[in-house]
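Below: the structure, in structure tokens.
2 protein chains.
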Amino acid sequence: MRIAELSRLTGVPVPTIKYYLREGLLPAGELTSPNQARYDDSHVRRLRLVRVLLDIGRLPIATIRQLLAALDRPDPDVHQVLGRALPSAVGGKDSVDPEAVRTARVRIDKLVGERGWLVGREAPARQATAEVLAAFAQVGADAGVLLEQYADVAETVAGHDLDFVGRARDAEGMLYAAVVASILGDSLLASLRRLTQEHESAKKFGIRGDDC
Amino acid sequence: MRIAELSRLTGVPVPTIKYYLREGLLPAGELTSPNQARYDDSHVRRLRLVRVLLDIGRLPIATIRQLLAALDRPDPDVHQVLGRALPSAVGGKDSVDPEAVRTARVRIDKLVGERGWLVGREAPARQATAEVLAAFAQVGADAGVLLEQYADVAETVAGHDLDFVGRARDAEGMLYAAVVASILGDSLLASLRRLTQEHESAKKFGIRGDDC
DNA sequence: GTTAATAGATAGCAGTGCTGTCTACTATCG
DNA sequence: CGATAGTAGACAGCACTGCTATCTATTAAC
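Going down the list, the protein sequences come from chains D and F. At position 52 of the first sequence the residue is numbered 51 (numbering that gives the first Met the number 0), and the sequence of numbers has no breaks. At position 173 of the second sequence the residue is numbered 172 (numbering that gives the first Met the number 0), and the sequence of numbers has no breaks.
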């Protein structure tokens, strides 16, 4: 197909597709002449993935490029992707006091140790979690109880996630599933959490659900 | 205290504080003369909250302004904040096919009904969840199983969240706790999820945790 | 009385994700 | 065959967000 049809099928404007091509988010089409290229289904799928990672996952272009590069590697390594390539969802800015982060980091390392989680000592997720924990402290909230409860929940969720990944046919599909489940899973969990928070709040404060 | 000390205590540059004042994220200090104002602890706390919502929660300025306005209302209504004021974490852009969203919305409404969740028919979280579900479909992933599993998890999490909120001393504290728990909770859960995903992946693929 | 800091106003700036325009070509249709 | 529409690739520009810099008139602090 030509670029116009790729655009039609995905709803992405042609100039935007060209931009993604330039940014390396989309492989170039097969050139049939100096100014004609042919695209196929793989481009449609890739383009849809990019839009979803952008709009739902809210990942920056640069992060998506890295993620797709990991997806396209000839030696699929799901563990590597789950452990390293995926962004931590926590923004890079460090608004929190470094000392508080260090304290929180000790706490996280202790949590990981106690629970016997097999997580690399330098895993970015450790630092990311420590930063969030420090943020709780920064706003004067005691996240102690919440941390243990959430850790239980996270174990359950990760189990479901790995099941989801394991359901894929081949290694490539598993890699793809790992990316989708991780990034979209965050959003799915967050929005379901909002739903259930409203429900629990309605129960607790005795408000009927069909008003508001 | 003067603005310089407010800056020192929070690590936020003075021009940035002035910007937040202009944007209504921070109440004006008490004017002691036409060009002198006095700030206090409440400004320090508010400023820290703003930074954490910005950097960890990744909320846009406009959303933070609305959220703080809800916090400052004289009639604290925790349920209203949990149900309406909180952003849905899902980006506003609609990259997904509207038809797919409509289908997903039916599914979510069914889920809410089956589980007896007391959630307003027009609750934004319904639409947000539907959009995420449609995004799964868009990238060719079947989120069926995951949805039910995550719904179970979300019920548990929301229970913990409401406990957390209930631990606050007064209505104002509960409102504050609701905001903090919701926004930072998303990030805490997401980063703990990354940790446990790496763990589960290490178990499944037989990789030792201390290498990588 | 000199120096540093301040409120408030306005302009500018860096990063991100596009969007518009141009050129030299090519496909397609009548 | 010619007219029209579409295309690759290059490059400039644009809208939005979250700041940052500069200026003026005034005030605090030593």
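Even glycine gets a Cβ: it sits at the ideal position worked out from N, Cα and C.
With 16 other Cβ atoms within 10 Å as the buried cut-off, status of residue i
i, result
"F:GLN137", "buried"
"D:ALA134", "buried"
"D:GLU199", "buried"
"F:PRO59", "exposed"
"D:GLY205", "exposed"
"D:PRO73", "exposed"
"D:PRO12", "exposed"
"D:THR31", "exposed"
"F:ALA3", "exposed"
"F:GLY184", "buried"
Assumed close pair residue i, residue j - CB separation to whole angstroms, cut-off 8 Å
i, j, result
"F:ILE182", "D:VAL131", "Actually they are not in contact, since the Cβ atoms of F:ILE182 and D:VAL131 sit about 10 Å apart, beyond 8 Å."
"D:GLU98", "F:ALA124", "In fact, because the Cβ distance is near 37 Å, the residues do not count as touching under 8 Å."
"F:LEU212", "F:ARG45", "No answer is possible for residue 212 of chain F: it lies beyond the span of chain F, which begins at 0 and ends at 211."
"D:GLY23", "D:HIS42", "Rounded, the Cβ-Cβ distance is 14 Å, inconsistent with contact."
"F:VAL152", "D:THR155", "6 Å"
"D:SER186", "F:ALA88", "6 Å"
"F:ALA78", "D:ALA189", "Note that residue 78 of chain F is His in the sequence shown, not Ala. Their Cβ separation, rounded to whole angstroms, is 19 Å, which puts F:HIS78 and D:ALA189 out of contact at 8 Å."
"D:LEU191", "F:HIS159", "Contact doesn't hold; Cβ gap of about 14 Å is too wide."
"D:VAL178", "D:LEU70", "6 Å"
Residue i Cβ short of 6 Å to the ligand HEM heavy atom set
i, result
"D:LEU20", "No copy of the ligand HEM occurs in the structure displayed, which carries no ligand at all."
Candidates the options, of which the one nearest residue i by Cα
i, options, result
"D:LEU48", "D:LEU67, D:PRO33, D:TYR38, D:SER32", "D:LEU67"
"F:ARG83", "F:PRO12, F:SER94, F:MET0, F:ALA127", "F:ALA127"
"F:ALA167", "F:ARG114, F:ALA176, F:PRO14", "F:ALA176"
"F:ASP40", "F:ALA189, F:LEU5, F:GLY184", "F:LEU5"
"D:ARG1", "D:ALA36, D:GLN65, D:ARG21", "D:ALA36"
"D:PHE163", "F:GLU171, F:ALA142, F:VAL80", "F:ALA142"
"D:ASP169", "D:ASP76, D:ALA180, D:ARG64", "D:ASP76"
"D:THR195", "F:LYS203, F:LEU81, F:ARG193", "F:LEU81"
"D:VAL118", "F:ILE16, F:ARG193, F:LEU20", "F:ARG193"
"D:MET217", "F:ALA69, F:LEU110, F:LYS203, F:LEU70", "No information on residue 217 of chain D is available, as it lies outside the stretch 0 to 211 that chain D covers here."
"D:TYR19", "D:ASN34, D:PRO33, D:ARG64, D:TYR38", "D:ARG64"
"F:TRP116", "F:ASP96, F:LYS92, F:ALA157", "F:ALA157"
"D:LYS109", "D:ASP96, D:GLU147, D:LYS92", "D:GLU147"
Residues near residue i by beta carbon distance below 7 Å, same chain, minus five either side
i, result
"D:PRO86", "LEU58, THR62"
"D:GLU171", "PRO75"
"F:VAL100", "ALA129, GLU130, ALA133"
Cβ shell of residue i (< 6 Å), same chain only, five flanking positions each side left out
i, result
"D:ALA103", "ALA129, LEU132, ALA133"
"D:GLY112", "none"
Close Cβ partners of residue i (< 8 Å) along its chain, the five nearest in sequence each way excluded
i, result
"D:ARG114", "ALA150, GLU154"
"D:GLY213", "There is simply no residue 213 of chain D to check, as chain D begins at 0 and stops at 211 in what is shown."
The stretch 136-155 of chain D touching the stretch 47-63 of chain F, judged by at least three CB pairs closer than 8 Å: Contact between the stretch 136-155 of chain D and the stretch 47-63 of chain F is present, with at least three C-beta pairs closer than 8 Å.
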